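Trainee: Residue numbering for the sequence shown follows our numbering, beginning at 34 and increasing consecutively.
Virtual Cβ for every residue (Gly too), placed ideally from N, Cα, C.
Treat the numbers as computed from the prediction; the structure is a model and nothing was measured.
Sharing a structure, written as C-alpha cells. Questions coming.
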Amino acid sequence: MRLSTMSRYGLRAMIDLAEHYAEGFVQLRDIALRQGVSFRYLENIMSRLVSAGLVTSTRGRTGGFRLSRDPNEITAYDVVSALEQTLSPVPCLDSHNLCDRFEHCAAKVLAEKLKDAVVRVLKSFTLEELASKQKELNSSKNIEEV
C-alpha cells in the first residue's frame, strides 16, 4: 500500500502538533514552514482532520490548530483513515460487486492479510511515539551537521 501525499503531509502536520502540544494552538503557517508543505494544501488537510475530530481550531491572532486529544490517544491509523478513501490494497475488498470471483479468490486472501497488517502497524504508533522519534531524529541530524 502506498500512502497518498495527503496522508504523508497529514501525518507530518499531526506529528508537528504533537511536538508542540504543550504550547496550545499552533498557527498553520508555522506548521507549513517547519514541514515544507504548501499552506493552501495544508489548509485542506487540516479541514479534514478537524471534520474527523482529531484537531480543533480557533480563529484570531492567537488562533491556530491543536490536537483534540492527548498525543498518546491518537494513532497513525486515526490520521491516515481520516485522509485516505480506503486502506485496501485492492478495490474488491471495498466493493465485492467488482469481481465475480470474490468468494473464491486466493489473491483476495493475500490482500486481506496485507490490509490487516497495514492497519495493525498504523494502530501500533501513537502521535506521542512518532513525535518522540522525530525529536530523536532531529537531534541526531543536528549532531551530524556540526
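Thinking just about the alpha-carbon of each residue, which of A85, L44, A115 and T95 is nearest to the one in T159?
Mentor: Checking every option, the nearest Cα to that of T159 belongs to L44.
Trainee: According to DSSP, which residues form a beta bridge with R134?
Mentor: According to DSSP, which records beta bridges pairwise, R134 is partnered with nothing at all.
Trainee: Under a three-way DSSP split, which group does D97 fall into?
Mentor: In the sequence on display, residue 97 carries Gly and not Asp. In this structure, G97 counts as strand in the three-state DSSP scheme.
Trainee: What's the gap between the Cα of R41 and the Cα of C138?
Mentor: In a straight line, the C-alpha of R41 is about 32 Å away from that of C138.
Trainee: Please state whether DSSP places T38 in a helix, a strand or coil.
Mentor: In this structure, T38 counts as helix in the three-state DSSP scheme.
Trainee: Using DSSP with H/G/I as helix, E/B as strand and the rest coil, what is V88?
Mentor: Note: V88 maps to strand in three-state DSSP.
Trainee: Once you ignore the five residues that flank L155 on each side, which residues in its own chain have a CB closer than 7 Å to its CB?
Mentor: Same-chain partners within the cutoff: T108, A109, Y110 and V113.
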